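> Chains as they are written, first to last, in the numbering used here: chain A, 92 to 371; chain B, 55 to 365.
We put the CB at the ideal spot given by N, CA and C, even for glycine.
For clarity, every value in this text was computed on a predicted model and none was experimentally measured.
Sending over a structure as structure tokens; questions will come in a sec.
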């Protein structure tokens with residue numbers, strides 16, 4: 092059982108980047124009894140589909156309805172007329188499907204562990220915050236702090252996203268079809284960010300670890316973010332991931348710039364004041 | 055955390071009052087303390103709309119004395135207008151302390167405004183040929199109902215729902231701010247300005263007047279000074295991003311323009327919808343959805359972004 096869990100999580104990119112940090116590695120070790128099925132997870136059937144018309148409902152009522160439908164075994168739930176309401180589809184810890192016909196507001200799809208979500212519209216600030224596993228695909232644009240503190244899974248926005256994308260990212264993959272704003276990858280600790288378009292200023296500012304791939308122009312790099320060589324492994328991974336979400340550019344992935352942490356800030360506390368100036 | 059919204063139609067007047075009310079009501083959760091509207095109607099020739107208040111809403115709880123004071127202040131205003139030769143074409147009292155006068159006046163507008171504000175408790179909310187500025191405590195539906203804005207026809211407008219963080223809960227600290235004493239300019243703002251006192255002192259030394267301790271008022275005065283120097287609205291917005299410190303997104307309207315500026319950190323939200331005939335902006339998409347139910351494409355403006363649209 093332990094082996095199964097570990098291989099699934101490894102395939103999803105959660106444990107492919109060994110960190111050399113002081114005690115971070117132990118925190119992310121899988122426990123044998125862990126994995127994706129919670130003991131309280133609902134027994135849902137993907138083929139049982141239900142629809143919710145959100146037009147006249149408050150966000151809390153919609154979220155309660157989702158849970159009621161999960162209790163009755165529905166594994167595919169469609170939200171109609173979501174009207175950019177806030178905090179929908181949060182804290183879902185089941186493997187199941189969601190289809191959103193319209194736009195979500197702030198804090199949509201936060202704290203997910205498992206579901207597949209497809210959204211035909213746009214999403215607001217802090218979408219997919221703290222997601223642990225699953226896949227979210229957004230057809231239009233997204234707001235700022237897209238995928239903040241993401242821990243696992245794939246978060247895909249086919250349009251452009253706002254600022255601070257992947258701030259404090261701790262794992263998983265963020266893929267953006269268009270552009271991203273300032274401070275993307277700020278303080279990211281692991282995981283990958285792929286942006287097919289341009290990136291705003293201070294890209295990867297104060298990042299500890301992880302990798303950022305940018306297909307377009309980079310306005311400027313943040314403190315301690317440095318370019319790195321694109322390896323064959325990177326190309327293969329980028330091609331596979333982008334093709335999976337129909338975002339692979341016609342000219343391939345050779346033009347992508349890879350950004351990683353310079354790791355000059357890692358031993359910052361031990362530096363002499365004059366050395367700190369050099370780092371910053 | 056305040057909510058701001060703006061709306062501009064490029065092909066003539068619509069029910070801007072009703073639509074702004076719906077947008078701001080959808081943003082109520084971002085700030086329940088007070089709500090304000092700056093809406094632009096169709097101007098009459100040589101006429102101005104002057105909106106002013108002679109007391110705060112909270113003053114009314116202080117017994118009968120305040121009602122006598124309100125009557126005295128109104129009489130003083132009427133006396134002053136007569137003395138200055140201002141023709142009052144018609145007048146309206148939406149609440150006990152707020153007034154809307156339609157006036158005709160050829161003289162110096164700053165002189166008129168200064169003299170009016172010398173009367174105790176009196177503050178001009180706006181003077182303009184098209185601008186009407188309404189602000190009061192309560193949510194959008196309450197304020198719009200009390201001031202009968204539901205059917206107001208115009209080309210553009212901005213509005214604000216306030217969560218008081220930097221100054222008091224009263225009308226004086228409510229948005230929008232009129233760019234005293236310049237006609238038809240109003241500002242709404244979401245954020246904090248960190249070099250407020252420094253800039254306020256500089257502006258005060260050059261003779262500008264501040265009525266509140268709310269940092270947003272600085273943006274109105276700052277823009278008014280720039281426009282008076284002959285700067286375009288777009289240049290003033292560009293300049294503000296580098297001269298004003300803090301985190302902010304603000305909207306500004308003139309007689310025929312709506313402008314937007316976002317700080318260097320892009321720390322405050324704004325969602326933008328642009329169509330051929332109209333532009334709608336709000337802190338949250340849910341406000342835009344309140345007036346446009348069908349599916350639309352919206353975007354987030356980036357850091358240091360400045361936009362200006364014409365009516």
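#1: Compare the C-beta of residue 239 (chain A) with all C-beta atoms of chain B and state if any pair is closer than 8 Å.
#2: Measure the beta-carbon distance from residue 320 (chain B) to residue 212 (chain B) and round it to whole angstroms, keeping in mind my assumption that it falls under 8 Å.
#3: Any C-beta of chain B within less than 7 Å: which residues of the segment 203 to 217 of chain A qualify?
#4: Quick one: what does DSSP say residue 318 (chain A) is sitting in, helix, strand or coil?
#5: Does residue 353 (chain B) come within less than 8 Å of chain A when only Cβ atoms are used?
#6: At the level of alpha carbons, what is the spacing between residue 346 (chain A) and residue 207 (chain A)?
#7: Taking the alpha carbon of residue 179 (chain A) as the reference point, which residue from A:187, A:151, A:159 and A:161 has its own alpha carbon closest?
#8: What number of angstroms, rounded off, separates the C-alpha of residue 357 (chain B) from the C-alpha of residue 119 (chain B)?
#9: Which residue spans inside the segment 268 to 316 of chain A form an unbroken beta strand (DSSP E) run of at least 3?
#10: Whole angstroms are fine: how far does the CA of residue 85 (chain B) sit from the CA of residue 104 (chain A)?
#11: Within the continuous beta strand (DSSP E) that includes residue 304 (chain B), where are the two ends?
#12: Where does residue 180 (chain B) fall in DSSP's three states?
#13: Can you give, in chain order, each stretch of the beta strand (DSSP E) that sits fully within the segment 181 to 243 of chain B and has at least 3 residues?
#14: Determine the closest residue to residue 314 (chain A) out of A:275, A:217, A:200 and A:212, with distance taken between C-alpha atoms.
#15: Grab me the residues of residue 207 (chain B)'s own chain with a C-beta within less than 8 Å of its C-beta, minus the 5 sequence neighbours each way, in chain order.
#16: To the nearest angstrom, report how far apart residue 184 (chain B) and residue 238 (chain B) are at their CA atoms.
#17: Please list the terminal residues of the continuous beta strand (DSSP E) segment that includes residue 206 (chain A).
#18: Run through chain B and tell me which residues come within less than 8 Å of residue 249 (chain A), C-beta to C-beta.
#19: Out of B:243, B:150, B:140 and B:139, which has the shortest C-alpha to C-alpha gap to residue 122 (chain B)?
#20: If you count every other CB in all the chains shown that lies within 10 Å of the CB of residue 216 (chain A), and 16 or more means buried, which is it?
#21: What residues in the segment 254 to 267 of chain A have a beta carbon less than 9 Å from any beta carbon of chain E?
#22: Throw me the rounded Cβ distance for the residue 284 (chain A) and residue 317 (chain A) pair, which I believe falls under 8 Å.
#23: Pull up the CB-CB distance for residue 253 (chain A) and residue 237 (chain A), whole angstroms please, since I reckon it's below 8 Å.
#24: Using only alpha-carbon positions, find the residue among B:77, B:359 and B:56 that is nearest to residue 343 (chain B).
#25: According to the Cβ coordinates, are residue 166 (chain A) and residue 188 (chain A) closer than 8 Å?
#26: So with Cβ pairs under 8 Å, would you call residue 178 (chain A) a contact of chain B?
#27: Taking Cβ to Cβ, would you say residue 224 (chain A) is nearer than 8 Å to residue 193 (chain A)?
#28: Which partner residues of residue 363 (chain B) appear in the DSSP bridge assignment?
#29: Evaluate the contact criterion for the segment 277 to 292 of chain B versus the segment 318 to 337 of chain B: three or more CB pairs, one atom per stretch, below 8 Å.
#30: Establish whether the CB of residue 106 (chain A) and some CB of chain B are separated by less than 8 Å.
#31: With a threshold of 6 Å on Cβ separation, who are the neighbours of residue 242 (chain B) within its own chain once the five nearest residues in sequence on each side are excluded?
#32: For the beta strand (DSSP E) containing residue 107 (chain B), name the first residue and the last one.
#33: Beta-carbon within less than 6 Å of residue 273 (chain B)'s beta-carbon, same chain only, minus the 5 sequence neighbours each way: which residues are those?
#34: How should residue 131 (chain A) be labelled, buried or exposed, when 16 other C-beta atoms within 10 angstroms of its C-beta is the threshold for buried?
#35: Please name the residue in B:360, B:99, B:175 and B:335 whose C-alpha comes closest to that of residue 112 (chain B).
#36: Do residue 142 (chain B) and residue 127 (chain B) come within 8 Å of each other at the CB atom, strictly closer than that value?
From the atom records:
#1: Interface criterion not met: the Cβ of residue 239 (chain A) is under 8 Å from no Cβ in chain B.
#2: The pair is not a contact, with the Cβ atoms about 20 Å apart (cut-off 8 Å).
#3: 212, 213, 215 and 216
#4: Correct three-state label for residue 318 (chain A): strand.
#5: yes
#6: The alpha-carbon atoms of residue 346 (chain A) and residue 207 (chain A) are separated by roughly 30 Å.
#7: A:151
#8: 51 Å
#9: 281 to 286 and 302 to 305
#10: For residue 104 (chain A), the predicted structure reports a pLDDT of 49, less than 50, and the residue's modelled location is therefore unreliable. A value from the coordinates is still provided. Their backbone Cα atoms lie some 41 Å apart in a straight line.
#11: 300 to 307
#12: Three-state result, residue 180 (chain B): strand.
#13: 185 to 191 and 210 to 216
#14: The shortest C-alpha separation from residue 314 (chain A) is found at A:275.
#15: 67, 68, 69, 70, 71, 95 and 96
#16: Residue 184 (chain B) and residue 238 (chain B) have their C-alpha atoms spaced approximately 6 Å apart.
#17: 204 to 210
#18: In chain order: nothing, as chain B lies at least about 12 Å away.
#19: B:150
#20: buried
#21: Of the protein chains in this structure, namely A and B, none is chain E.
#22: Taking the Cβ atoms as the reference, residue 284 (chain A) lies roughly 15 Å from residue 317 (chain A), outside the contact range of under 8 Å.
#23: Confirmed, about 7 Å.
#24: B:77
#25: yes
#26: Contacts with chain B at 8 Å (Cβ-Cβ) do not include residue 178 (chain A).
#27: no
#28: B:312
#29: no
#30: Because the pLDDT of residue 106 (chain A) is 45, which lies under 50, any placement of that residue in the model is unreliable, and the question is left without a value.
#31: 58, 212, 214, 229, 230 and 305
#32: First-last of the beta strand (DSSP E) with residue 107 (chain B): 102 to 107.
#33: 241, 243 and 304
#34: exposed
#35: B:175
#36: no
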